[in-house]
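In my numbering, the protein residues as written are 26 to 167.
Built from N, CA and C at the ideal position, the CB exists for glycine as well.
Quantities reported herein were computed from a predicted structural model and do not represent experimental measurements.
Notes for the one structure printed next.
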């Protein structure tokens, strides 16, 4: 086998291997390709580990991706969910927390919408991100 044949073989093999995807967890929505709820334990662990690894999300290039990989390994979803998917799940949890923390005035819960009292992750999210300056800005006095 020549070197050119070997390179071609390796290229074909890596292309075929890239198409093989790990099995998806039951809370992954195949139709929309986004994560849905997840189990309560997985969501609790996500909040807990994000709180523990807060200093690893520094904003430096690729630091968040490495931290998300660690979070996925600790939750036990490594290889089942990508770092970008778990990041999106975290962003959705933060968005929901911010919405419920300061709901728009004049809105009721007649439609059965979640409130801070009824959303199961509100207290965990408040503990994790409630004291951040982006959530609770410091009051400046002249």
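Runs of beta strand (DSSP E) with 3 or more residues, each lying fully within the segment 68-94, are absent. Residues of the same chain with a CB within less than 6 Å of the CB of residue 112, apart from the 5 flanking positions on each side, are 93 in chain order.
Taking a contact to require three or more Cβ pairs closer than 8 Å, the segment 99-108 and the segment 65-74 qualify as touching. In the DSSP assignment, residue 123 falls within the unbroken alpha helix (DSSP H) covering 108-126.
Residue 153 is classed as buried because its beta carbon has at least 16 other beta carbons within 10 Å across all chains shown. Here the alpha carbons of residue 86 and residue 140 stand approximately 36 Å from one another. Within the same chain, Cβ atoms closer than 6 Å to the Cβ of residue 89 are found at 82, the five residues on either side in sequence being excluded. Here the alpha carbon of residue 114 sits roughly 23 Å from the alpha carbon of residue 129. Taking the Cα positions, residue 79 is about 12 Å away from residue 95. Straight-line spacing of the CA atoms in residue 148 and residue 123 works out to 12 Å.
Straight through space, the alpha carbons of residue 165 and residue 142 are spaced by roughly 30 Å. For residue 107, the closest of 138, 127 and 91 by C-alpha to C-alpha distance is 91. If you ignore the 5 residues before and after residue 65, its C-beta comes within less than 8 Å of the C-beta of 145, all in its own chain and listed in chain order.
Within the same chain, and ignoring the five residues on either side of residue 125 in sequence, the residues whose Cβ sits closer than 7 Å to its Cβ are 139, 140, 141, 144 and 147.
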